[in-house]
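Note sheet for the following structure.
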Amino acid sequence: GESVGLHLPTLSVQEGDNSIINCAYSNSASDYFIWYKQESGKGPQFIIDIRSNMDKRQGQRVTVLLNKTVKHLSLQIAATQPGDSAVYFCAENIAQGAQKLVFGQGTRLTINP
Amino acid sequence: EPEVTQTPSHQVTQMGQEVILRCVPISNHLYFYWYRQILGQKVEFLVSFYNNEISEKSEIFDDQFSVERPDGSNFTLKIRSTKLEDSAMYFCASSEEAIQYFGAGTRLSVL
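Chains A and B supply the protein sequences, listed in that same order. In this text, residue positions in the first sequence follow the numbering used here: the first is 1, and each later residue adds one. In this text, residue positions in the second sequence follow the numbering used here: the first is 1001, and each later residue adds one.
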């Protein structure tokens, strides 16, 4: 089915700490995943993506891990900053002829000073 | 940096009226999309558009919705006879390949 879900709706971390946001997906045929950040009043902003032939991908202060065995995706943010406070969505790209993103519910990340 | 732009930022309309939401995708992108987000909920796919035709649409995208690329730069979403439950943020996105880039959205309020 087309179901991408998140384990936790909210997460609070201290500034400077690392954060981990989790996501479960149900479509075992999914082969591409994206993490988006959405700040209040703005549209989703691309953070990082990963294809199913990879287990890990790193960007600037962010790392995405993919565990296909348990259909689990995570986003790690290192050395969190106040500007990281936002809602984070994982999304599954269903590219069956046409691209279509299926979003999870979102996790609100709050960075405490 | 190129970005997707949407107008207006906020649209207020009476139930039963028609609205047109406008988007200017990133110029070299070939795929265009509309999504909506009801307040406090997740982003939901509405429709994708490629080569001047709809590629895929969700069950939400019923006969009251239509999309159009009237010229080389604009991409529009028309909602005929709006309903209260159409109130939401509507996001336009475009892509060259897999990564979809989103606009800031149009908040539609149906009264």
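Yeah, the Cβ is synthetic: ideal placement off N, Cα and C, and Gly gets one too.
- Proximity of chain B to Leu101/A at the Cβ level (cut-off 9 angstroms) is accounted for by Tyr1033, Tyr1035, Val1043, Phe1045, Ala1093 and Gln1100, in chain order.
- Against Ala1104/B, the close residues of chain A are Gly41, Lys42 and Gly43, in the order they occur along the chain (beta-carbon pairs closer than 8 angstroms).
- Listed in chain order, the non-local C-beta contacts of Ile21/A below 6 angstroms within the same chain comprise Leu75, Tyr88 and Thr107, local neighbours out to five positions each way being set aside.
- Taking each of Phe103/A, Leu109/A and Ile111/A in turn and checking the Cα distance to Arg1036/B, the smallest one comes out for Phe103/A.
- Between Thr1076/B and Phe46/A, the alpha-carbon positions lie close to 22 angstroms from each other.
- For Glu1059/B, not one C-beta of chain A is nearer than 7 angstroms to its own C-beta.
- Taken through DSSP and simplified to helix, strand or coil, Leu1084/B comes out as helix.
- Going by C-alpha positions, Val70/A is about 22 angstroms away from Tyr36/A.
- A straight-line Cα-Cα distance of about 16 angstroms links Glu1059/B and Lys1083/B.
- Counting the other Cβ atoms within 10 Å of the Cβ of Met1089/B gives 16 or more, which makes it buried.
- Put simply, the backbone Cα of Thr80/A is about 6 angstroms away from that of Asp17/A.
- Within the same chain, Cβ atoms closer than 8 angstroms to the Cβ of Met1015/B are found at Thr1082, Lys1083, Leu1084, Val1110 and Leu1111, the five residues on either side in sequence being excluded.
- Glu1085/B is outside the set of residues whose beta carbon lies under 7 angstroms from a beta carbon in chain A.
- Interface criterion not met: the Cβ of Asn27/A is under 7 angstroms from no Cβ in chain B.
- For the pair Ser40/A and Asn112/A, the CB atoms are not nearer than the 7 angstroms cut-off.
- Counting only residues of its own chain and dropping the five nearest sequence neighbours on each side, Pro9/A has a CB closer than 8 angstroms to the CB of Gln105, Gly106, Thr107 and Arg108.
- Shown here, Asp49/A sits in a strand according to DSSP, grouped into three states.
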